[in-house]
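Here is the structure we will look at, set down as structure tokens.
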């Protein structure tokens, strides 16, 4: 189970009543909502304009492994790093933390950047690439 | 549009990527998720055990008026007060705030407390009643 | 509790695992998702282009009363009618049905139609107005 | 991209307004909701009692690859098969279909069955095991 120290960007996530499923824990689906909320927040803080910018990030793959249950009303932290930075795609490593510094769940997802109108893959803009490189654990 | 000063209990809510709908704003549905997350958080902090306690709160009515759009990745505040405190039911007044002290949306919902097993209405336990009375704007 | 015969437009809704909350029933929030999915489906079938059309419908008010619990994996029906048809706004009456012809929940929501770009209120286009009038229980 | 013929159990899923994200397509998160809704529906139809049965299925891993966009108000189909059937765990292969017989997305998730109270792993009950074996593409 990864440690929070392996994730350079950390953001806070408040849980919601409806995150708890019938078994009393945060539903497996909600974790992916934490994943894309955390990564997109990073992108937006570094220049992505989700409302009208020329490029958008589309998710082409995602995965999650669940280690410990979480439950509303816990306040969570999501850690984000870059595991692979390509020309037009990025793989984020993401983990979700409850009160422990060990991840309750971790996984990854892949964004392919495309032109908003044509939806054709397009190089990651310099400003965003540079931000993504800054949270890569490997040399860029 | 109500002011945040009219709501004695205030909690923070982080928005999520998927809260934004195709028109770029937090979907009308999500506000109700903020409503029941904020009120239940208050209840839990004051003794409600949602996992195994003998009573549970069921929603029998809810309403919301939307004044200004909100959008992920804004951090929001939800204000909660008690508008009406009955023997077995409570009406919460709730409002959602973005960066302004004026509500972006406000509404109410009604909890009827029932026995977890029989689902029959049951008096609100003293500890919770007393907490609810403390955030009523009217004398209890 | 209204009957399904009072709703001229009826559509099917499949429930989801995550609709059930910790108490084992469809969460109060999910009903509003049924409301706007059913009404927008009607609009789309009658000409609204949610992806790039010149006008969009914004929700300014919604309300729901809950009569009977529902639970995943039930298949539901949503009934839609028009309760009030203004120049730039429409009030839908909506009800959700399980296996009974009596509503498990019913309520309404109000769409104000606005220009997609300026977000200023704008008259409802003729084609859509005419469709809405056709599911009004009152003379248009 | 897998074909629907590779999935012995197929169920219908209606999309919702809020499934569409700001980019106009079903959000990546929603697919996981389709996954666990489809698989649990199969389990419930074959004897799992999610409300009070002695065992429950917990998700310990999930993954999805996205091939083609989908969008509300499309009606979808989810195909379910069993890729691996262990003593206490099952891996479902799941795919989501729009109008094509080729999957718009496919992936898997793993259920570990546990005792509802102790949450300790427990053998899959015979009735459910037998049902799961019946949708395995391999000999059991």
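Chains as they are written, first to last, in our numbering: chain A, 1 to 140; chain B, 1001 to 1140; chain C, 2001 to 2140; chain D, 3001 to 3140.
Ideal Cβ positions, reconstructed from N, Cα and C, are used throughout, including at glycine.
query: Same chain, Cβ closer than 6 Å to residue 2030 of chain C, five either side skipped, listed in chain order; result: 2019
query: Cβ pair residue 2023 of chain C, residue 1043 of chain B closer than 9 Å; result: no
query: C-beta neighbour in chain C for residue 44 of chain A, strict 9 Å; result: no
query: Member of A/11, A/73 and A/114 whose CA lies at the smallest distance from the CA of residue 55 of chain A; result: A/114
query: Cβ-Cβ distance between residue 80 of chain A and residue 39 of chain A below 9 Å; result: yes
query: Nearest to residue 3037 of chain D (by Cα), restricted to the options C/2070, C/2074 and C/2097; result: C/2074
query: Simplified DSSP state of residue 3066 of chain D, which is helix, strand or coil; result: strand
query: Cβ shell of residue 3091 of chain D (< 6 Å), same chain only, five flanking positions each side left out; result: 3083, 3084, 3108 and 3110
query: Where residue 1075 of chain B falls: helix, strand or coil (DSSP); result: strand
query: Contact with chain D by residue 1115 of chain B, beta-carbon distance below 9 Å; result: no
query: Coarse secondary structure for residue 49 of chain A, derived from DSSP in three states; result: coil
query: Beta-carbon spacing of residue 1028 of chain B, residue 2062 of chain C below 9 Å; result: yes
query: DSSP state of residue 1140 of chain B mapped onto helix, strand, coil; result: Note that residue 1140 of chain B scores a pLDDT of 45, beneath 50, so its modelled location is shaky; the value from the coordinates is reported in the next line. Note: residue 1140 of chain B maps to coil in three-state DSSP.
query: Near-chain D residues of the stretch 3–36 of chain A - C-beta to any C-beta below 7 Å; result: 22, 23, 28, 29, 32, 33 and 36
query: Chain C contact residues for residue 1061 of chain B, given Cβ-Cβ distances below 8 Å; result: 2063, 2064, 2065 and 2066
query: 7 Å CB neighbourhood of residue 1067 of chain B in its chain, flanking five on each side removed; result: 1001, 1103, 1104 and 1105
query: Same chain only: Cβ atoms within 8 Å of residue 136 of chain A, ignoring 5 sequence neighbours per side; result: 81, 82, 83 and 85
query: Other residues of its chain near residue 1101 of chain B: CB distance less than 8 Å, five sequence neighbours each side excluded; result: 1003, 1004 and 1005
query: Beta-carbon separation (whole angstroms), residue 3078 of chain D vs residue 3050 of chain D, contact threshold 8 Å; result: Actually they do not touch by this definition, with Cβ atoms about 18 Å apart.
query: Euclidean distance between Cα positions of residue 3138 of chain D and residue 3129 of chain D; result: 14 Å
query: Beta-bridge pairing of residue 2108 of chain C - partner residues as DSSP gives them; result: C/2063 and C/2093
query: Below-9 Å beta-carbon distance, residue 1051 of chain B vs any chain C residue; result: yes
query: Any C-beta of chain C under 9 Å from that of residue 3127 of chain D; result: no
query: Distance between beta carbons of residue 3116 of chain D and residue 3053 of chain D, contact taken as under 8 Å; result: 7 Å
query: Check whether residue 2123 of chain C and residue 2087 of chain C have beta carbons under 9 Å apart; result: yes
query: Cut-off 6 Å between Cβ atoms - residues of its own chain near residue 69 of chain A, not counting five sequence neighbours on either side; result: 25
query: Residue 1013 of chain B - containing beta strand (DSSP E), residue span; result: 1009–1014
query: Through-space distance from residue 3041 of chain D to residue 9 of chain A, alpha-carbon basis; result: 38 Å
query: Residue-chain proximity (residue 73 of chain A, chain B), Cβ-Cβ < 9 Å; result: yes
query: CA nearest to the CA of residue 93 of chain A, picked from A/121, A/33 and A/64; result: A/64
query: Partners in chain A for residue 3056 of chain D, counting only beta-carbon separations shorter than 9 Å; result: 22 and 23
query: Coil, strand or helix - residue 2088 of chain C by DSSP; result: coil
query: Nearest candidate by alpha-carbon position, reference residue 1016 of chain B, set A/32, A/7 and A/60; result: A/32
query: Spatial distance of residue 3076 of chain D from residue 3099 of chain D (CA atoms); result: 8 Å
query: Beta-bridge partners of residue 2057 of chain C, as assigned by DSSP; result: C/2113
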